[in-house]
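See structure below.
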Amino acid sequence: MKANKVLDTVKSRIIYIFLLVMILFFSAASSNFLTVRNLMNVVKQVAIYGIASVGMTYVILLGGIDLSIGSIISLINIVAAYAMVNLGMNPLLVVLLSLLISTAIGFMNGIVISQLRMPELIVTFAAQTIFAGLAYIICNGTPISRFPDSFLVIGQGYVGPIPIPVVIMVIIFAIGWFISEKTYFGRYFYALGGNEEAAQLSGINVKKVKCLVYSLSGLFAGIAGLVMLARANTGQPNAGVGYEFDVITCVVLGGVSTTGGSGKMSNVIAGVMIIGVLQNGMVLLDVSSYAQMVVKGVILLIAVGADCVQKYRLQEVKKAAE
Amino acid sequence: MNIEDNILELKHISKYYPGVTALQDVSLSVRRGEIHALIGENGAGKSTLIKTCSGAIAPSEGEIVINGKSFRRMTPKVSEENGIGVIYQEFNLVGDLTVAENIFLGRAIRKGIMVDFKAMERQAQGILDSLRMKISPSALVRDLSVGYQQMVEIAKAMSQNAQVLIMDEPSAPLTNAEVESMFAVVDLLKEKGVTIIYISHRLEEIFRLSDRITVLRDGQYIVTLDTKHSSEEELIRYMVGRQLQEVYPKRDPGCVQDEVVFEADMVCGNGDTNISLQIHKGEVLGLGGLVGAGRTEFAEMVFGARKKTSGKFFFKGKEIHPRTPKEAIAAGIGLVPEDRKAKGALLGLSIQENINMPVYHRISKGAVIDYKKARNTAQQYKEELSIKTPSVGQMVKNLSGGNQQKVILAKWLAAESELLIFDEPTRGIDVGAKQEIYTLINTLVEQGKAILMISSEMEELMGMSDRIIVLAEGCVSGEIARPEFDQETIMKLASKERKDG
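These protein sequences, in sequence, are chains A and B. For the first sequence, my numbering gives the first residue as 142, with consecutive numbering after it. For the second sequence, my numbering gives the first residue as 559, with consecutive numbering after it.
Put into structure tokens, the structure is as follows:
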């Protein structure tokens, strides 16, 4: 009984073992890897993915997908930069406005998906195109830079030795964990993703929950966009291009099932870290960025494949039992 | 010596599933050129039997003889090659292809790698003409009415030279006018010498069409009758003629109170018409009828999962308009659905979460769940309903059917529902757990809950209900009080045909 429990724990945390193996590998392969400075660098690099992955975790828990977050990041880059530089608005106000806009975009995704019952893939893909275009329109295609110092702190400041983006990521993960584990609507995400019809027949307002989840996805993408802007000190209309895929990779690596209903926020953190360690380690080993893409793709395939094989086996076992 | 010319013989067919005997030693002979009706209650084994003929399932024991050739089991291919065609209730047609393409699906007439549409349409036209069906071979199947789609299915079977055509409840999806056209086709096929096995629960149709009738009951062969020398009364007697076997736990007969908890007044929608009924405090109202009679559909409307188009619902004297399950639950209604795994339980979540799901917002402080309360509630119902599990943290998918059913029930008790709707409460549950569920139902009505119980099991319906309302084709066809409970009366009401057009 006790041995079983240990085994179960190991099984549910296998992703951390994978992370550990990877850290050991890169430590052995490169003497520059296992230094405080470099590890802090890794965490700093993944902060933006990490922040956005909280929202994506909810979306994938529902069995959905959100392809619009890369464009939300780009748009928020431009909107915030434009408001601060061209309009001279107060940075705090800009932050609030940006988050309002990004949440509203997510909310609109949610409304269209739940009310019109359109497929998530198409709705968020359309939103991706629309808001990428809007970002270019606002800035006329040219980057905007030179922000007030009070804003740059978000991306470049430190609390003691720890970079502020990392602090923000940790806080966001804490909030993300709290929502999914401790609040009643967080539990609805699991119920809905597991079985939408049964969830509805248990009295859950399915449409409302979907709107909430896509709104949260927009909100967290907005925060990621602001951190990115402050770190780069330049607002680029293509800043977020391709981010959705990296974020989806993090979440899926973190063991959130793409069919919905199962996954843990605490494991998504490991998924995010794996991507960070992988990128950093490969740079240290002088692997070309093209080869890095190949490796990332293969790892994604393996992660999802492992999940699918396990599910298939479970089903077979069940069938045999019946 | 066998002087009869039997085209199809089933000999000693049995089919066992773990814990369930679907067919037991069924033997049946079908004569060449006859229309042979197959009849029986829900779950009598009709569908299983035809699936052994079509090759969809393999019998555990027995032998199938077609045209003198003997088979241990069929496959869909062998069955087709030997001239057996099946018209299922669900059509196997591709909506976006033409009639001709559907008739020749998988056997398209080709010129090299190209499909020869002209030749195919010409041949399809020939088949349709020979069956006197006025359908254009170039029409898309999607654009046809259900009746015409069924004819395309028949034409498809005929194009494969089917000698035996098995029709599974062919009249169920059709309008009255379409049924007439279908009869005409069936008569024509008989003239052409095709043997037909006709499955239906509408006795009128069977007397109109068939030459002989075989009755199945509880997976067993009962009798084969000549239609000419039989009567509806006789058939019904054979269909239901079983002794009540199960013992139903007794309950205090005085627990039905005068107070009406729930009332439906001329409710229409979701396939039902003008349904009126009342359920009292402490009463089990049984809702009987055949599969597809509109019972589950009614429950869905009460529970807010489907919209009613007219009529009124009253709950404890006040009119309610449940538009979503959430609203119905808030009013005090709970539904234990028929398909436990698809609709009832959240299999991937724990017992505790399942039980608390409808009340999570009630037991939360702000948005934060009071897990202590949640745990206590789950623990309380685990003990009250004796859910067998080491802990309430156990995932529901790891429980047995009976225990899953108890978890679903517990969630409605936690939500303080006063009207509980049970849709086939004991389907797929083993005998011991059944008794437990019955005892629980008794406890609930003794506590003053009102219960609407949908059941296709005649015994269960009669054993557990205080009163039975029977539905047929979306309408109330009768109401029976406990002293008048009688299998034949219920069966008669359930097979009533709608008289209007």
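A virtual CB, placed ideally from N, CA and C, is assigned to each residue, including glycine.
Check	Outcome
Below-8 Å beta-carbon distance, A/Y190 vs any chain B residue	no
Inter-residue CB distance, B/V798 and B/E994 (contact presumed, cutoff 8 Å)	Not confirmed; about 27 Å, so no contact.
Coarse secondary structure for B/S585, derived from DSSP in three states	strand
Partners in chain B for A/F166, counting only beta-carbon separations shorter than 7 Å	Under the 7 Å cutoff, chain B gives no residues; its nearest Cβ is about 34 Å from A/F166.
Under 7 Å from the C-beta of B/P895: neighbouring residues of chain A	L342
Cα-Cα separation between B/K786 and B/M716, rounded to whole angstroms	28 Å
Closest by C-alpha distance to A/T265, when choosing among A/A224, A/V220 and A/C352	A/C352
Chain-ordered chain A contacts of B/H919 [CB-CB under 7 Å]	Y325
Below-8 Å beta-carbon distance, B/E817 vs any chain A residue	no
A/G191 and A/V413 closer than 8 Å at C-beta	yes
Cβ of A/N421 within 8 Å of any chain B Cβ	no
Inter-stretch contact (C-beta, 8 Å, three-pair minimum) for the stretch 875 to 889 of chain B and the stretch 922 to 933 of chain B	no
B/D1058 (DSSP reduced to helix, strand or coil)	Bear in mind that the predicted position of B/D1058 carries a pLDDT of just 46, short of 50, making it unreliable; the figure below should be weighed with that in mind. It is coil, neither helix nor strand.
A/N231, DSSP secondary structure in three states	coil
Helix, strand or coil at A/T399 [DSSP, three-state]	coil
Residues that DSSP places opposite B/M672 in a beta bridge	B/K669
C-beta neighbour in chain B for A/L148, strict 8 Å	no
A/Y331 at chain B interface by Cβ criterion, 8 Å	yes
8 Å Cβ cutoff, A/E338 in contact with chain B	yes
Alpha-carbon spacing of B/D1058 relative to A/V445, whole angstroms	Legend: pLDDT at B/D1058 = 46, less than 50; position of this residue unreliable, value from coordinates given subsequently. The alpha-carbon atoms of B/D1058 and A/V445 are separated by roughly 57 Å.
Coil, strand or helix - B/G516 by DSSP	Given a span of 559 to 1059 for chain B in the structure shown, any question on residue 516 of chain B remains unanswerable.
For A/V436 and A/L419, believed in contact at Cβ under 8 Å, the rounded distance	7 Å
Same chain only: Cβ atoms within 8 Å of B/N564, ignoring 5 sequence neighbours per side	S587, V588, R589, R590 and V623
Own chain partners of B/V752 with C-beta closer than 6 Å, once the 5 adjacent residues on each side are dropped	L723
Chain A contact for B/G906 (CB, 8 Å cutoff)	yes
CA-to-CA distance, A/A169 to A/T176, given in whole angstroms	12 Å
Where A/R328 meets chain B, residues with beta-carbon distance less than 9 Å	L907, E911, N914, M915, Y918 and I927
Sufficient close CB pairs (3 or more, under 8 Å) joining the stretch 235 to 247 of chain A to the stretch 199 to 217 of chain A	yes
Straight-line Cα distance separating A/Y331 from B/Y604	The amino acid at residue 604 of chain B is misidentified as Tyr; the sequence shows Lys. Looking at the two C-alpha atoms, the distance is approximately 40 Å.
Check whether B/A1008 and B/H838 have beta carbons under 8 Å apart	yes
Bridge partners - B/C826, DSSP secondary structure assignment	B/S868
Own chain, CB closer than 8 Å to B/V652, minus 5 neighbours either side, in chain order	E659, N660, L663 and V699
Whole-angstrom C-beta distance between A/I156 and A/A362, which should lie under 8 Å	No, A/A362 and A/I156 are not in contact; Cβ-Cβ is about 23 Å, not under 8 Å.
Range of the contiguous alpha helix (DSSP H) that encloses A/M310	I305 to K323
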